[in-house]
Each structure stands twice: as C-alpha cells, then as structure tokens.
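Participant: From first to last, the protein sequence lines stand for chains A and B. Number 560 in my numbering belongs to position 15 of the first sequence; there are no gaps in the numbering. Number 784 in my numbering belongs to position 125 of the second sequence; there are no gaps in the numbering. Glycine residues also receive a C-beta, built at the ideal position from the N, C-alpha and C atoms. Quick one: the structure is below, questions incoming.
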Amino acid sequence: MNCDAEKVIYMDNNATTRVAPEVVDVMMPFLTECYGNPSSMHNFGGQVGGAVEKARAQVAELIGADPTEITFTSCGTESDSTAIISALQAFPEKRHVVTTRVEHPAVKHLCENLDRLTGHKHRVTRLQVDSDGTLDLAKYEEALTEDTAIVSVMWANNETGVIFPVEKMAAMAKERGILFHTDAVQAVGKIPITLSELDVDFLSISGHKLHAPKGVGVLYVKRGTPFVPFLSGGHQENGRRGGTENVASIVGLGRACALAQEMMGEENTRVRVLRDRLEEGLLKSIPKSMLNGHKTDRLPNTTNVSFEFVEGEAILLHMNRYNICASSGSACTSGSLEPSHVLRAMGVPFTAAHGSIRFSLSVYNVEEEVDFVLKKMPPIIAELRELSPFWKED
Amino acid sequence: MWEYTEKVQEHFLHPQNVGEVENPSGVGDVGSLACGDALKLTLKIDENERIVDAKFKTFGCASAIASSSALTIMVTGMTVDEAEKVTNDDIAEFLGGLPKEKMHCSVMGREALEAAIADYRGVILPMAEGEVVCECFGVTDFEVIRAIKESNLRSVEEITNFTKAGGGCGKCEDKLRDLLQTTINEIPVVPVQVDGPKKMTTLQKIKKIEEVLEREIKPALKKDGGDIELVDVDGDFVMVSLRGACTSCAKSQTTLKEYVEKKLREQVLDTLIVEEAK
Chain A
546 MNCDAEKVIY
556 MDNNATTRVA
566 PEVVDVMMPF
576 LTECYGNPSS
586 MHNFGGQVGG
596 AVEKARAQVA
606 ELIGADPTEI
616 TFTSCGTESD
626 STAIISALQA
636 FPEKRHVVTT
646 RVEHPAVKHL
656 CENLDRLTGH
666 KHRVTRLQVD
676 SDGTLDLAKY
686 EEALTEDTAI
696 VSVMWANNET
706 GVIFPVEKMA
716 AMAKERGILF
726 HTDAVQAVGK
736 IPITLSELDV
746 DFLSISGHKL
756 HAPKGVGVLY
766 VKRGTPFVPF
776 LSGGHQENGR
786 RGGTENVASI
796 VGLGRACALA
806 QEMMGEENTR
816 VRVLRDRLEE
826 GLLKSIPKSM
836 LNGHKTDRLP
846 NTTNVSFEFV
856 EGEAILLHMN
866 RYNICASSGS
876 ACTSGSLEPS
886 HVLRAMGVPF
896 TAAHGSIRFS
906 LSVYNVEEEV
916 DFVLKKMPPI
926 IAELRELSPF
936 WKED
Chain B
660 MWEYTEKVQE
670 HFLHPQNVGE
680 VENPSGVGDV
690 GSLACGDALK
700 LTLKIDENER
710 IVDAKFKTFG
720 CASAIASSSA
730 LTIMVTGMTV
740 DEAEKVTNDD
750 IAEFLGGLPK
760 EKMHCSVMGR
770 EALEAAIADY
780 RGVILPMAEG
790 EVVCECFGVT
800 DFEVIRAIKE
810 SNLRSVEEIT
820 NFTKAGGGCG
830 KCEDKLRDLL
840 QTTINEIPVV
850 PVQVDGPKKM
860 TTLQKIKKIE
870 EVLEREIKPA
880 LKKDGGDIEL
890 VDVDGDFVMV
900 SLRGACTSCA
910 KSQTTLKEYV
920 EKKLREQVLD
930 TLIVEEAK
C-alpha cells in the first residue's frame, strides 16, 4: 500500500500522529531478531525485558512519575476503563462518578454503561461547560459527595484543545478522599506535567497521539492508590495487566516520550506560532467564521474553527482534493446524525457546529503548509456557501 | 471516510443547476440548519405541465449536494406527473448508489420534489399532517411508514438511515419499532406468480412446492433447529414430514397450518392443504 505521505498536509494530529522515524528505528530489532518474551528465564528473552523497563523509565520521566507507577496497556481506552472500573471495585459502597459533558467517547460511553459493567446502579454527574468550553469549579465542588468514588476529567479536550484545571481539581478530590482520573491522551507531550507534585491518582496516555504507534497506551497509577486489574492473567506489568507485552510498541512509546520531552519547547513556541497564524488567517479571511473554545487555556497545536452555513463533511472533502487532512464536528462525520457532543455542550449554535473544522498541528508541520491551507480555505468555503440556501452575503 | 461512487464525487465537486429559478412555478423547501441538511428546490413549469428548469441550493454533506444535483438533472424535461413518480431509490440509482447511512440524502431530494410539486398545485403535503415521531429531526409517522413501505425497510437502523428518525437522542426507538411492526404486518404479500390456478399438474405443483420449501420455509425452520421434507402431493393435499426440533415441538401443528400452509397457499395455490405424513 502506498499512502503518499509526502504529498499530504497533515493537520489532524489529535486523531493520530506520524510515527517518528526515530521511534521506528528503535522498534525494528523487536520486530525482527529480538523476539524473546520478557517473562522468559533465558537471557534471550530477559534482555527484551530490560528494553521494556527502559521504556517505562522514559515514560515516567516525561510525566514526572516513578517507573513503578507506569503500567503499559493496549490503548488510551483500555487505560480509561481500567482506572474507572478499578476505582469502583476498590470502593464498592460508593456509587457516584463525576465527569464532564465533553469527555472523549472512551470515558463518556463507559460512564453511560457503568451499571451493566459493574452490576451496580451508579449515579453519574456530568459537569456542564461554558460557551468557551471551560468548567465552573464551584459547580465541580458541589458535585463532590461522600458517595463519590471517582472523578474522571480529561486534561485537554481532543476537539477544541481546551485545558481543564486538572491540578486544582485533583487536589479538591483528594481533600475529600475521592480518587481522581484524568484522560491525558491529548495533553501528554504537549504541555509539561509533573505527577509527583499532583494529587492525580490515575492518568491515561495513548501512544499514537505522540508519535508512537497505535496499539499501545499507559495507565499511570499513583503509588498507594488501590488498584484492581482490568485484564487478569499472567504476572506481567507487576500483576496489574495480564497479557504478553507489546514489546516493540512499548519500546517505541518510550522513545516517543523522550522525543516529546525534547520537543516540548518547540511544541509551545514554533507549533503554537503556526497554529495562531493559521487561526488568525482563517478568521480574518473568511467572514462568519468563529473560534470554538477558550483562546488561551488551550493546547498549543489545536484550533477549532466554525464556518457558518456550510457543512463540515463537504468542507473536508474539498480539502481532501488538496491533500489537506483535518477533522470536523459535523453530524455527517461524527458517525451519528448529530453534531459533536463537545460543541453542543458548549452551546455552539447549529449554524456553526455543523461547519466546524479542527486543525491539529505537530512539530512536523511547516509554515508553507499553513500558507497553503490559508490560500485554499477561503475559496472552498465561498464555493460551498454559493450552494447554501442559508447563506446571504451582507 | 465514506465510500462515495465516482458519480457522487462528480456531482459533489461539480454540481449542476445550482441557484434559484426566477419566478418559480413551485418551491420545495425541506430540512433545516439544525438537522444538518436542507434543500431548496425551485421549478419552472410550462403551460404543458412540463418542468423546463430546476435549480437547487443545498446545505449539507457531499451526498446531499450530489443528490440535489442529480435530482435537478433527472426532473428537467419531465412532466409534473412523471416527476411525481421519481423515488429516492431512483436518485440513489442515478448516482450509482449511496452509502446506506446516507440514504436520507436521497429521501430529502424526493421530499423537496414533492414539496415543490405540491406548492405548484397549491395543495398541502400529507406528510406535514402526520404526527411527529422523532422530535430531534421532526420526522412524522407518515414519512416513516412511507419509507418502510417504499424502501422495504426491516429494522430501526434502516429507518434511521433513510429518514434520520431515531438518529438523535434515540428516545423514539420504541415508537419506530412499533411503526415498523404494524407497517410490515399491513404490507400484503405479493404472490410470486401464480400459474393459472387449478390448471397445475401434480408435477408442476411438486416443483413449485419444493421451490418454496427450499427458498423460504426450510431456512426459517432451520433457524429453530427444525426441518421439513415433502413426502407426497395428492390433489390439493400436501403431505410433509417434520424433522429435527420440530418433531418434539408442541407448536409444530401450528407451524404447519399457520406458517407452512399459509406460505404454500400464497405462493403456489390457494387451495392447498398441508398435512403431516404419519
């Protein structure tokens, strides 16, 4: 299969990222000659175990944690499920969960199905967000009760990039003896995180969001936090997650974390500048366009812009002609018939929600690409508005 | 990513007949911004009731735009009576097919056409009079029943694909299931082609009966672990032998009369009597 990656202008990094060439390099031996099982007694397998431990240390380093607090999983979704179900099993008498209306489906749908999964009835408080996608901490405080087993709040939103005050929220939960989980798949590697200084009990990472391959994730579990495994089986991962390790991907994720640490500065300077240039350019050159999400409390790589009176899928398919890759929160692309739950929770009007486009950049993007997108977008939107019965030029 | 045919892509990227005709004879305005797609169709109809011009404006995804473009091409040159007979399946077919989740785009085209014709004739559309079943997308029971009948829908998921009903909060799912059940029960089963009754020879009967058994009845019984064999045909008497789970099933006689006999009467000869060979 030839994907012509060189031709593509990839601005969909919150969906998935390019596997860094450095990551591929360190993975290759484990896909070829170093095929031993880390659990084996012989040296051939045992040395592979050493590589897994090195990766564990690299992940821990990026998020300011201890290597013993790192458990490798298959994906962010598994990490999220493990954390939340573990907390509910550790405190079976507590039947309340606090989360938000804008969580990723991995947490959203899990929380909608807790009763079926645990065999108990649970109450779920889903915190509302403001029109800029931010949370009201007073409402959060009110939601915390003696019956609350766990809080699960994403660190950064995948659609808008809006960052929640996780540090503060975790501390508020801790004061009340409530466990705190954060789905940080979009935040890790993009903003500095030091878990040793925070009251976060569980944190989820997904490899493919930070230039590691798909099919590997991490669950951070703070030392001393009660834990019940989700996948029982062998003694791998210290008994926290059965199943033979996905060695090559784990090693790749370790390298990706080290790279992310090196690139964090660039992510928050050069990438942010590119993002801002793109965002300002779009808002300026295209009438009736608006930013979705808080302007500053936001990831440096993400911008979500709505173009009123046109539909997202149609925009994406026109962009596709120029090999520009992005995402939309429109109904036709969400897999359901309604626009993104995140934009609806923020109260974005339908006129705008259906025409929302998310651009998410990475360190691989360059200025010329931003300029190209800025050149192509205004005629695309204008062309579609020509067709739209709601569009009136004024 | 949707799998769109080349025809859909062509009509999406280069839509035909965009705009509004001046002094239209009929206007069809369907859908809304909230629903995520909307279509305004304007028709120019001459004194011979022939559509001489059709133009559209569409807010929606690629398949909505392509369906609109296709619709205007299809109806231009048709008489109003001819245009009235255009179905959503015709629109989808014109485009070489649509992904099943996108069939509602072709339905929107058909609805706009009907609305424009109704506007031209100065009558009120029956679907506007139905009772709203799906509040998220404002779909009436009339529209749902019609889609079930016309496109031979068999599940709530299919209803959603064609009409969008049930695609929002999902609260109307039970209502849709009820509508589906009642509508299916109402649809008369069309006989496959009854060769002149009473003129069939025994051999013809046997052949026909075997055919229906193989095609419909056996697969149905096998689902429950049962089976059936044709033993003999004597005049109108059809002797069969039940096998498998049917032999010990208390309901086997009901199955024989209510299901097997009914099917054979519908599809072979309406005087047949099915009996179990002892």
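So, helix, strand or coil for residue 761 of chain A, using DSSP?
Facilitator: By 1-based counting over the first sequence, the position of residue 761 of chain A is 216. If DSSP states are grouped into helix, strand and coil, residue 761 of chain A belongs with coil.
Participant: Answer yes or no: do residue 746 of chain B and residue 713 of chain B have a C-beta to C-beta separation smaller than 8 angstroms?
Facilitator: Your numbering for residue 746 of chain B matches position 87 in the second sequence. Your numbering for residue 713 of chain B matches position 54 in the second sequence. No, the Cβ-Cβ distance between residue 746 of chain B and residue 713 of chain B is not below 8 angstroms.
Participant: Under 8 angstroms, Cβ to Cβ, is there at least one residue of chain B near residue 934 of chain A?
Facilitator: Position 389 of the first sequence, counted from the first residue, corresponds to residue 934 of chain A. Answer yes: the Cβ-Cβ gap between residue 934 of chain A and chain B drops below 8 angstroms somewhere.
Participant: Could you pull out every residue in the same chain whose Cβ sits closer than 7 angstroms to the Cβ of residue 904 of chain A, ignoring the five residues on either side in sequence?
Facilitator: One-based indexing of the first sequence puts residue 904 of chain A at position 359. Contacts found: 556, 823, 848, 871.
Participant: Leaving out five residues before and five after residue 655 of chain A in sequence, what residues of the same chain have Cβ atoms less than 7 angstroms from its Cβ?
Facilitator: Translated into positions along the first sequence, residue 655 of chain A becomes position 110. Answer for residue 655 of chain A: 625, 626, 629, listed in chain order.
Participant: Between the beta-carbon of residue 900 of chain A and the beta-carbon of residue 853 of chain A, is there less than 8 angstroms?
Facilitator: Your numbering for residue 900 of chain A matches position 355 in the first sequence. Your numbering for residue 853 of chain A matches position 308 in the first sequence. In contact: residue 900 of chain A and residue 853 of chain A (Cβ atoms closer than 8 angstroms).
Participant: Provide the residue span of the alpha helix (DSSP H) that contains residue 865 of chain A, from first to last.
Facilitator: Your numbering for residue 865 of chain A matches position 320 in the first sequence. Unbroken alpha helix (DSSP H) run through residue 865 of chain A: 857 to 866.
Participant: Check whether the stretch 882 to 894 of chain A touches the stretch 644 to 654 of chain A, counting contact only when three or more Cβ pairs, one atom from each stretch, lie closer than 8 angstroms.
Facilitator: These segments touch.
Participant: Under 7 angstroms, CB to CB, which of the residues in the stretch 736 to 761 of chain B have a partner in chain A?
Facilitator: Answer set for the stretch 736 to 761 of chain B: empty.
Participant: When burial is assigned at 16 or more other CB atoms within 10 Å of the CB, is residue 723 of chain A buried or exposed?
Facilitator: Within the first sequence, numbered from 1, the residue matching residue 723 of chain A stands at position 178. The residue is buried, with at least 16 neighbouring Cβ atoms inside 10 Å.
Participant: How about the stretch 797 to 816 of chain A and the stretch 653 to 670 of chain A: do they share at least three Cβ pairs that are nearer than 8 angstroms?
Facilitator: Contact fails: fewer than three Cβ-Cβ distances are below 8 angstroms.
Participant: Where do the N-terminal and C-terminal ends of the beta strand (DSSP E) with residue 763 of chain B fall, by residue?
Facilitator: Position 104 of the second sequence, counting from 1, holds the residue named residue 763 of chain B. Counting along the chain, residue 763 of chain B falls outside any beta strand (DSSP E), though it belongs to the alpha helix (DSSP H) covering 762 to 780.
Participant: For residue 555 of chain A, does the three-state DSSP call read helix, strand or coil?
Facilitator: Within the first sequence, the letter at position 10 stands for residue 555 of chain A. The answer is strand: DSSP assigns residue 555 of chain A an E or B state.
Participant: For the candidate residues A/928, A/774, A/738, whose alpha-carbon lies nearest to that of residue 860 of chain A?
Facilitator: Translated into positions along the first sequence, residue 860 of chain A becomes position 315. Nearest C-alpha to residue 860 of chain A: A/928.
Participant: For the pair the stretch 925 to 934 of chain B and the stretch 895 to 904 of chain B, tell me if three or more CB-CB distances fall below 8 angstroms.
Facilitator: These segments touch.
Participant: Could you work out which residue in A/610, A/589, A/918, A/672 is closest to residue 827 of chain A when comparing CA atoms only?
Facilitator: Start at 1 with the first residue of the first sequence, and residue 827 of chain A comes out as number 282. Residue A/918 is the option with its Cα nearest to residue 827 of chain A.
Participant: Can you give, in chain order, each stretch of the alpha helix (DSSP H) that sits fully within the stretch 676 to 738 of chain A and has at least 4 residues?
Facilitator: Runs of the alpha helix (DSSP H) inside the stretch 676 to 738 of chain A: 682 to 688, 711 to 720.
Participant: Can you check whether the C-beta of residue 895 of chain A is within less than 8 angstroms of a C-beta belonging to chain B?
Facilitator: Along the first sequence, one-based indexing puts residue 895 of chain A at 350. Cβ-Cβ to chain B under 8 angstroms: yes for residue 895 of chain A.
Participant: Counting only runs that start and end within the stretch 671 to 720 of chain B, where is the beta strand (DSSP E) found for 3 or more residues in a row?
Facilitator: Qualifying beta strand (DSSP E) stretches, in chain order: 685 to 691, 696 to 704, 710 to 718.
Participant: Are residue 554 of chain A and residue 633 of chain A touching if we call contact CB-CB under 8 angstroms?
Facilitator: Here residue 554 of chain A corresponds to residue number 9 of the first sequence, with the count starting at 1. Here residue 633 of chain A corresponds to residue number 88 of the first sequence, with the count starting at 1. Result no, Cβ atoms of residue 554 of chain A and residue 633 of chain A do not sit closer than 8 angstroms.
Participant: Of the choices A/743, A/856, A/814, whose alpha-carbon is the least far from that of residue 846 of chain A?
Facilitator: For the purposes of this step, residue 846 of chain A is taken as the residue at position 301 of the first sequence. It is A/814.
Participant: I'd like to know whether the C-beta of residue 832 of chain A is nearer than 8 angstroms to at least one C-beta of chain B.
Facilitator: Here residue 832 of chain A is taken as the residue at index 287 of the first sequence, counted from 1. Answer no: the Cβ-Cβ gap between residue 832 of chain A and chain B never drops below 8 angstroms.
Participant: Any C-beta of chain E sitting closer than 8 angstroms to the C-beta of residue 855 of chain A?
Facilitator: Of the protein chains in the structure, A and B, none is chain E.
Participant: Can you check whether the C-beta of residue 676 of chain A is within less than 8 angstroms of a C-beta belonging to chain B?
Facilitator: As a position in the first sequence, residue 676 of chain A is number 131, starting the count at 1. So, not an interface residue.
Participant: Taking C-beta pairs closer than 7 angstroms, name the residues in chain B that residue 876 of chain A reaches, listed in chain order.
Facilitator: For the purposes of this step, residue 876 of chain A is taken as residue 331 along the first sequence, with counting starting at 1. Those within 7 angstroms of residue 876 of chain A in chain B are 695.
Participant: Please tell me whether residue 611 of chain B and residue 667 of chain B are closer than 8 angstroms, where the distance is taken between their beta carbons.
Facilitator: Since the first residue of chain B shown is 660 and the last is 937, residue 611 of chain B is not available in this structure.
Participant: Determine the closest residue to residue 727 of chain A out of A/916, A/894, A/635, A/700, with distance taken between C-alpha atoms.
Facilitator: Here residue 727 of chain A refers to the residue found at position 182 of the first sequence. For residue 727 of chain A, the nearest C-alpha among the options comes from A/700.
Participant: Compare the C-beta of residue 702 of chain B against all C-beta atoms of chain A and say whether one is closer than 8 angstroms.
Facilitator: Taking the second sequence and counting its residues from 1, the one referred to as residue 702 of chain B is at position 43. For residue 702 of chain B, the answer is no, since every Cβ of chain A falls outside 8 angstroms of its Cβ.
Participant: Is there a Cβ from chain A that is less than 8 angstroms from the Cβ of residue 798 of chain B?
Facilitator: As a first step, residue 798 of chain B is located in the second sequence; it is residue number 139 there, counting from the start. Output row for residue 798 of chain B: interface = no.
Participant: At 8 angstroms on the CB atoms, spell out the chain A contacts of residue 830 of chain B, in chain order.
Facilitator: For the purposes of this step, residue 830 of chain B is identified with residue 171 of the second sequence, where counting begins at 1. Per Cβ cutoff of 8 angstroms: no residues; residue 830 of chain B is ~13 angstroms from chain A at best.
Participant: Of the choices B/828, B/727, B/924, B/819, whose alpha-carbon is the least far from that of residue 872 of chain B?
Facilitator: Residue mapping note: residue 872 of chain B aligns to position 213 of the second sequence, counting from 1. Among B/828, B/727, B/924, B/819, the Cα nearest to that of residue 872 of chain B belongs to B/924.
Participant: Looking at the ligand SAM, does it come within less than 7 angstroms of residue 811 of chain A, judged from the CB to the closest heavy atom?
Facilitator: Here there are no bound small molecules, and the ligand SAM is not part of this structure.
Participant: What residues in the stretch 715 to 726 of chain B bring their beta carbon closer than 9 angstroms to a beta carbon of chain A?
Facilitator: For the stretch 715 to 726 of chain B, which is checked against every Cβ of chain A, the residues closer than 9 angstroms are 715, 716, 717, 718, 719, 720, 721, 722, 723, 724.
Participant: For residue 779 of chain B, which residues in the same chain have their Cβ closer than 8 angstroms to its Cβ, ignoring the five residues on either side in sequence?
Facilitator: Here residue 779 of chain B corresponds to residue number 120 of the second sequence, with the count starting at 1. Around residue 779 of chain B: 684, 685, 702, 704, 739.
Participant: From this set, A/598, A/738, A/793, A/549, which residue's C-alpha is nearest residue 758 of chain A's C-alpha?
Facilitator: What you label residue 758 of chain A is simply residue 213 of the first sequence in a count that begins at 1. For residue 758 of chain A, the nearest C-alpha among the options comes from A/793.
Participant: Would you mind listing the alpha helix (DSSP H) stretches within the stretch 787 to 837 of chain A that are 4+ residues and don't spill past its ends, in chain order?
Facilitator: If we require 4 residues or more, the alpha helix (DSSP H) runs fully inside the stretch 787 to 837 of chain A come out as 792 to 811, 817 to 830.
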